[in-house]
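Undergrad: Questions regarding the structure given below will be posed in turn.
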Amino acid sequence: MAGELVLITGATGHPGFRVLRYVLEQRYNVRATIRSEAKSNPALVELNTNTNLSFAVVPDITAPDAYLEAIKDVSYVIHIASPLPNAAESGDFEATLIQPAVQGTLSMLEAAQKSGTVKRIVITSSCLSIIDWEALIGGPFDRTLNPEDRIVTPTGPYALNMHAYWASKVTALNKSEESIKAQTLRFDNDVKVAEKFPEAVRKGILPNDGNSPTFVLRCDGRKAEEMFGFRLRSLEEQVVEVVGQYLEIVGGG
Numbered sequence: 001m002a003g004e005l006v007l008i009t010g011a012t013g014h015p016g017f018r019v020l021r022y023v024l025e026q027r028y029n030v031r032a033t034i035r036s037e038a039k040s041n042p043a044l045v046e047l048n049t050n051t052n053l054s055f056a057v058v059p060d061i062t063a064p065d066a067y068l069e070a071i072k073d074v075s076y077v078i079h080i081a082s083p084l085p086n087a088a089e090s091g092d093f094e095a096t097l098i099q100p101a102v103q104g105t106l107s108m109l110e111a112a113q114k115s116g117t118v119k120r121i122v123i124t125s126s127c128l129s130i131i132d133w134e135a136l137i138g139g140p141f142d143r144t145l146n147p148e149d150r151i152v153t154p155t156g157p158y159a160l161n162m163h164a165y166w167a168s169k170v171t172a173l174n175k176s177e178e179s180i181k182a183q184t185l186r187f188d189n190d191v192k193v194a195e196k197f198p199e200a201v202r203k204g205i206l207p208n209d210g211n212s213p214t215f216v217l218r219c220d221g222r223k224a225e226e227m228f229g230f231r232l233r234s235l236e237e238q239v240v241e242v243v244g245q246y247l248e249i250v251g252g253g
């Protein structure tokens with residue numbers, strides 16, 4: 001209900017910021033978590049002129065009771081925050097990618113359970129969490145995935161940061177579902193470019209001389225579409241929208 005308080009994590013990221021804008025547009029009060037005042041996204045600072053938006057500093061999402069203060073008086077939670085791989089990163093992926101993804105999610109579930117006010121929590125995941133690593137790197141895969149698919153929690157070691165990132169998604173999903181099944185919840189558990197931008201290419205604003213190999217993995221999104229009441233964007237639509245946003249930023253739209 002409009003006017004109730006929504007806690008959003010990961011609001012500084014690309015999907016999180018869009019979620020934040022949408023929730024504010026629906027006239028909810030929003031509390032967005034940030035790691036520190038100094039690291040808050042400039043776009044969030046600008047949005048802070050909105051009287052319906054406030055911030056809660058959560059410096060370490062893996063810490064015990066990390067979200068207990070942030071979740072006070074909250075009715076709904078949208079948990080988007082999760083570490084992204086860094087191209088220059090190597091070494092202890094368990095500490096930098098996997099545990100933050102897992103413990104951050106479990107900590108949020110625990111805080112929601114203790115809060116006494118949270119009615120529902122939405123945790124974002126990824127198709128990565130139900131796809132075998134071998135398929136992601138181009139191995140044979142000849143079936144269509146569905147929302148009920150799960151894979152065994154990986155154990156490593158991980159030679160690549162993207163391998164560890166995939167493992168973080170799988171592990172976070174599996175561990176959060178285990179946690180939910182192991183307790184009686186106080187809140188709901190409801191499963192309730194050239195031909196598109198020719199002028200920009202002609203002017204050199206949008207380079208069109210690169211290439212990226214692709215392969216097809218089929219995921220059945222019908223259940224998600226029915227649940228949320230919208231049609232999932234196709235790959236082409238997603239690319240066109242992202243490129244359009246890029247051109248708008250650089251002044252070539």
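For the sequence shown, UniProt numbering begins at 1 and goes up steadily by one.
For glycine and all other residues, C-beta sits at the position ideal for the given N, C-alpha and C.
Please read these numbers as outputs of a predicted model, since none were measured by experiment.
1. Rounding to the nearest angstrom, what Cα-Cα distance links Tyr28 and Thr184 in this structure?
2. Please classify Leu53: does DSSP put it in a helix, a strand, or coil?
3. Helix, strand or coil for Val118 per DSSP?
4. What separation, rounded to the nearest whole angstrom, lies between the Cα atoms of Leu84 and Ser168?
5. For Tyr22, count neighbouring C-beta atoms within 10 Å of its own C-beta (all shown protein chains included) and say buried if the count is 16 or more, exposed if not.
6. Once DSSP output is grouped into helix, strand and coil, what is the label at Arg31?
7. Hey, which unbroken runs of the alpha helix (DSSP H) at 4 residues or more fall wholly within the segment 160 to 203?
8. Whole angstroms are fine: how far does the CA of Ala95 sit from the CA of residue 259?
9. Of all the options Glu37, Val242, Asn86, which has the alpha carbon lying nearest to the alpha carbon of His14?
10. Taking the C-alpha atoms as reference points, what is the distance between Arg143 and Val118?
TA: To lay it out plainly:
1. Counting only the Cα atoms, Thr184 lies some 28 Å from Tyr28.
2. Correct three-state label for Leu53: strand.
3. Note: Val118 maps to coil in three-state DSSP.
4. If you take the alpha carbons of Leu84 and Ser168, they lie about 10 Å apart.
5. Taking all protein chains in view, the Cβ of Tyr22 is surrounded by fewer than 16 other Cβ atoms within 10 Å, so the residue is classified as exposed.
6. Judged by DSSP in its simplified three-state form, Arg31 adopts strand.
7. 161 to 181, 198 to 203, all fully within the segment 160 to 203.
8. The requested residue 259 does not occur in the structure, where the chain is confined to residues 1 to 253.
9. Checked all of Glu37, Val242, Asn86; the closest Cα to His14 is Val242.
10. Computed Cα separation, rounded: 38 Å.
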